[in-house]
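See below for the structure under consideration.
Protein chains in written order, with the numbering used here: chain A, 34 to 231; chain B, 420 to 889.
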């Protein structure tokens, strides 16, 4: 018998009483009267990120430039962003490690914890992690209160399951407290995060 | 009258400053967890849901594993099954060697510790680089984790600085790059955590670029979609899998949950319980290989399917390794990870060690005051302290009862079964009060260890009751 068959056989033999899946319909996650306001607050406090809003009539590329005026190498595949590196066309994901700023699109913002859902809408997902600084562009209409709502939305998304091999929730910049519990931003991935709310 | 744990704990407590700091650090994490719990009105509903989902999944695990494999394969993932540590290590080595990998970057996985994967790979000539900062520090210092979530919090910054200077070959070059960040010259803040984290960042980013493969654990596997979910704050799991093209996931079979609806419950609990954060920075769903790459999932049993058949202890399979039980445990906080003989310390480690090999790890069951705090913080409601209590009841039949305690129990049993002798002894007991203290508070009298011998009352409770003086 193969390892798989052995394991499954043992599991079936060792299962005694069985339990039903609980109904989660009545599980009410925390909600906010103004999820966008809560999302902004969480983003700029506990998550340790920066938040800027697209000014009326401002172009996406200009807003990115406003956030990072000194950036030399910008990596993005988003239309309207002037980028020197494109995660769809770089020869190797390693090239994205040189980027000063990566710009990606978020699809859902979550007010309770400042998470932003970013499906892999680019060839090399390294742009979300390897760039020194990350900008996540998010439509303010895409903000929900809690993770139950966010996951419900993702699981309804045929597009995600058909198109993308990866998706991640990101809340703030890479951080660590592994040295004596001292909080330091900029562990291995993006050192800083700016949420660009449209 | 001492277990290996109690002896090691005694030695640990000799340095009061170190022990106090350890205690306070982890109690601080426990307090952060409390604030998280108190800020959500639905907290207890979440715990109950999490417990029920895990009970359901564990008792339908074979079906869910088959579904998970089917979905993962449909997503283009290679799925492997390992019955034990040896088979697991062999599978991982075969994947790596067939791809000609010489160096692998790895994000934290307790399963690989359990199976001693790193040793196995390094003996066969593959370099393994841990990429979680805490794990990397321990790897360079050749130490084991002292906690499952914050593995190196017991190490002091001076020792970390010394280790980095000695063992990171390009330390000086990296340190020079720190100055332009405009904070301060590294020489003036030699062991500042921000500086040392910067050094580790640059050191590890070179490793990501050089490695031929990235390995991750799995916080959760989602049966209906074939997703593997990995949660980190540092982003090291994502770096490890965004740069190298080969991704190997090591997943204990109990990590499975049914669907995204369940995932929401666990995502909300994991970081809040583990570190007192609302979320980890990254919650990444891996559903398939990188473009032009490969993704493998190794499903590991290594004793888990047998635990399911253990009527008293099967619910340890619900554990999602958040570490909350350690942070709250007064014994863990005051004895630290290395006092335990199993690689996972604290309440969950005591139980998992006993399930692994009771004859090897029975010393740890003494590491519990039965205060039951762990039961109250566990996000999936594992009855940790009751399980430890049950293990203690089994020590005698396992042949590991403490001889002195056993003798005392037999003595008490004799005494309580012979009322005349009991009454006599009770009447005579106040005489002990007349023995000079230095003769009583001896090392030979374990009762007097750490506290004064008690004073026997002149009249027993029994007597007072009879005289209606109560």
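Cβ atoms here follow ideal geometry from the backbone N, Cα and C, with glycine treated the same way.
Exercise. What number of angstroms, rounded off, separates the C-alpha of residue 588/B from the C-alpha of residue 582/B?
Worked result: Start at 1 with the first residue of the second chain, and residue 588/B comes out as number 169. Start at 1 with the first residue of the second chain, and residue 582/B comes out as number 163. Their backbone Cα atoms lie some 11 Å apart in a straight line.
Exercise. Can the beta-carbon of residue 507/B be found less than 8 Å from the beta-carbon of residue 719/B?
Worked result: The residue given as residue 507/B occupies position 88 in the second chain. The residue given as residue 719/B occupies position 300 in the second chain. Yes, they are a contact pair.
Exercise. Where DSSP assigns a beta bridge to residue 138/A, which residues make up the other side?
Worked result: To locate residue 138/A, count along the first chain from 1; it is residue 105. According to DSSP, residue 138/A bridges with 170/A.
Problem set entry | Backbone CA spacing between residue 667/B and residue 521/B [nearest angstrom] | As a position in the second chain, residue 667/B is number 248, starting the count at 1. As a position in the second chain, residue 521/B is number 102, starting the count at 1. Taking the straight line from one Cα to the other gives about 15 Å.
Problem set entry | For residue 727/B, the nearest candidate out of 765/B, 762/B and 771/B (CA to CA) | In the second chain, the residue the question calls residue 727/B occupies position 308. Of 765/B, 762/B and 771/B, the residue nearest in Cα terms is 771/B.
For this session: Look at the Cβ atom of residue 168/A, then the Cβ atom of residue 229/A, and state whether they are nearer than 8 Å.
Result: As a working note, residue 168/A is residue 135 in the first chain. As a working note, residue 229/A is residue 196 in the first chain. Going by C-beta atoms, residue 168/A is nearer than 8 Å to residue 229/A.
Exercise. Which residues share a DSSP beta bridge with residue 722/B?
Worked result: Residue numbering aside, residue 722/B sits at position 303 when the second chain is read from its first letter. In the DSSP output, where bridge partners are listed per residue, residue 722/B has none listed.
For this session: Name the one or two DSSP bridge partners that residue 109/A has.
Result: Within the first chain, numbered from 1, the residue matching residue 109/A stands at position 76. Per DSSP, 136/A.
Problem set entry | Minimum Cβ-Cβ distance from residue 73/A to chain B less than 8 Å | Locating residue 73/A in the first chain gives position 40, counting from the first residue. By this cut-off, residue 73/A is not an interface position.
For this session: State the beta-bridge partners of residue 670/B as determined by DSSP.
Result: The residue you call residue 670/B lines up with position 251 of the second chain. According to DSSP, residue 670/B bridges with 718/B.
For this session: For residue 229/A, write down the residues that DSSP places opposite it in a beta bridge.
Result: If you number the first chain from 1, residue 229/A lands on position 196. Looking at the DSSP assignment, residue 229/A forms a beta bridge with 85/A and 170/A.
Exercise. Counting contacts by CB-CB distance shorter than 8 Å, is residue 633/B in contact with chain A?
Worked result: As a first step, residue 633/B must be located in the second chain, where it is residue number 214. Not one chain A Cβ lies under 8 Å of residue 633/B.
For this session: Kindly identify the DSSP beta-bridge partner or partners of residue 150/A.
Result: To locate residue 150/A, count along the first chain from 1; it is residue 117. Looking at the DSSP assignment, residue 150/A forms a beta bridge with 141/A and 202/A.
For this session: Go through its chain and collect everything with a Cβ distance to residue 689/B's Cβ below 8 Å, but skip five positions before and after it.
Result: Position 270 of the second chain, counted from the first residue, corresponds to residue 689/B. Around residue 689/B: 638, 650, 699, 739, 741 and 798.
Problem set entry | Coarse secondary structure for residue 701/B, derived from DSSP in three states | In the second chain, counting from the first residue as 1, residue 701/B sits at position 282. DSSP places residue 701/B in strand when its eight states are reduced to three.
Problem set entry | Given 8 Å, three or more beta-carbon pairs between the stretch 448-465 of chain B and the stretch 640-658 of chain B | no
Exercise. Pairing CB atoms from the stretch 40-56 of chain A with CB atoms from the stretch 472-489 of chain B, are three or more of them under 8 Å?
Worked result: yes
Exercise. So which residues on chain A does residue 679/B lean against when the C-beta distance must stay under 7 Å?
Worked result: One-based indexing of the second chain puts residue 679/B at position 260. 184, 187 and 188, listed in chain order.
For this session: Please determine, among 825/B, 514/B, 660/B and 465/B, the residue with the shortest C-alpha to C-alpha distance to residue 55/A.
Result: Counted from its first residue, the first chain places residue 55/A at position 22. The shortest Cα separation from residue 55/A among 825/B, 514/B, 660/B and 465/B belongs to 465/B.
Exercise. So, is the C-beta of residue 138/A closer than 8 Å to a C-beta in chain B?
Worked result: Sequence index remark: in the first chain, residue 138/A carries index 105 (1-based). So no, residue 138/A is outside the interface.
For this session: Just confirm the distance between the C-beta atoms of residue 612/B and residue 212/A, as a whole number of angstroms; I'd bet it's less than 8 Å.
Result: What you label residue 612/B is simply residue 193 of the second chain in a count that begins at 1. What you label residue 212/A is simply residue 179 of the first chain in a count that begins at 1. Indeed they touch by this definition, with Cβ atoms about 4 Å apart.
Exercise. Candidates 183/A, 190/A, 62/A and 35/A: which alpha carbon is nearest residue 702/B's?
Worked result: Here the question's residue 702/B lines up with position 283 in the second chain. The shortest Cα separation from residue 702/B among 183/A, 190/A, 62/A and 35/A belongs to 183/A.
Exercise. Whole-angstrom Cβ separation of residue 641/B and residue 672/B, contact assumed at under 8 Å?
Worked result: Reading the second chain from its first residue, position 222 is the one you call residue 641/B. Reading the second chain from its first residue, position 253 is the one you call residue 672/B. Wrong, their Cβ atoms sit about 14 Å apart, outside the cutoff.
For this session: Please say whether residue 786/B and residue 431/B have beta carbons closer to each other than 8 Å?
Result: Locating residue 431/B in the second chain gives position 12, counting from the first residue. Locating residue 786/B in the second chain gives position 367, counting from the first residue. No, they are not a contact pair.
Problem set entry | Contact with chain B by residue 204/A, beta-carbon distance below 8 Å | Along the first chain, read from residue 1 onward, the residue named residue 204/A stands at position 171. Answer yes: the Cβ-Cβ gap between residue 204/A and chain B drops below 8 Å somewhere.
For this session: Could you work out which residues of chain A lie near residue 799/B, taking near to mean beta carbons separated by less than 8 Å?
Result: Your numbering for residue 799/B matches position 380 in the second chain. Result: empty, since nearest Cβ-Cβ is about 13 Å, beyond 8 Å.
Exercise. Going by C-alpha distance, which of 544/B, 573/B and 557/B is nearest residue 919/B?
Worked result: Limits of chain B in this structure are 420 at one end and 889 at the other, which puts residue 919/B out of reach.
Exercise. When burial is assigned at 16 or more other CB atoms within 10 Å of the CB, is residue 488/B buried or exposed?
Worked result: As a position in the second chain, residue 488/B is number 69, starting the count at 1. Answer is buried; the Cβ neighbour count reaches 16.
For this session: Could you say if the stretch 203-211 of chain A and the stretch 184-192 of chain A meet the contact criterion of at least three C-beta pairs nearer than 8 Å?
Result: no
For this session: For the alpha helix (DSSP H) holding residue 500/B, just list the boundary residues, first then last.
Result: Residue 500/B sits at position 81 when you count from the first residue of the second chain. Taken as a continuous stretch (DSSP letters only), residue 500/B belongs to no alpha helix (DSSP H), being part of the beta strand (DSSP E) at 497-501.
For this session: Kindly say whether residue 474/B, judged by its beta-carbon, lies nearer than 8 Å to any beta-carbon of chain A.
Result: Counting from 1 along the second chain, the entry for residue 474/B is found at position 55. Yes - at least one Cβ of chain A is within 8 Å of the one on residue 474/B.
Problem set entry | Residues that residue 180/A contacts on chain B, provided the C-beta gap is smaller than 7 Å | Numbered from its first residue, the first chain carries residue 180/A at position 147. Residues of chain B passing the Cβ test: 683, 686 and 687.
Exercise. In or out: residue 842/B buried (at least 16 other Cβ within 10 Å) or exposed?
Worked result: If you number the second chain from 1, residue 842/B lands on position 423. The residue in question, residue 842/B, is exposed, as its Cβ has fewer than 16 Cβ neighbours within 10 Å.
Problem set entry | residue 96/A and residue 164/A closer than 8 Å at C-beta | Here residue 96/A refers to the residue found at position 63 of the first chain. Here residue 164/A refers to the residue found at position 131 of the first chain. In this structure, residue 164/A does not lie closer than 8 Å to residue 96/A by Cβ.
Problem set entry | Under 7 Å by beta carbon: chain B residues contacting residue 27/A | Residue 27/A is absent from the structure shown; chain A starts at 34 and stops at 231.
Exercise. According to a CB-to-CB cut-off of less than 7 Å, which residues of the stretch 78-91 of chain A neighbour chain B?
Worked result: 79
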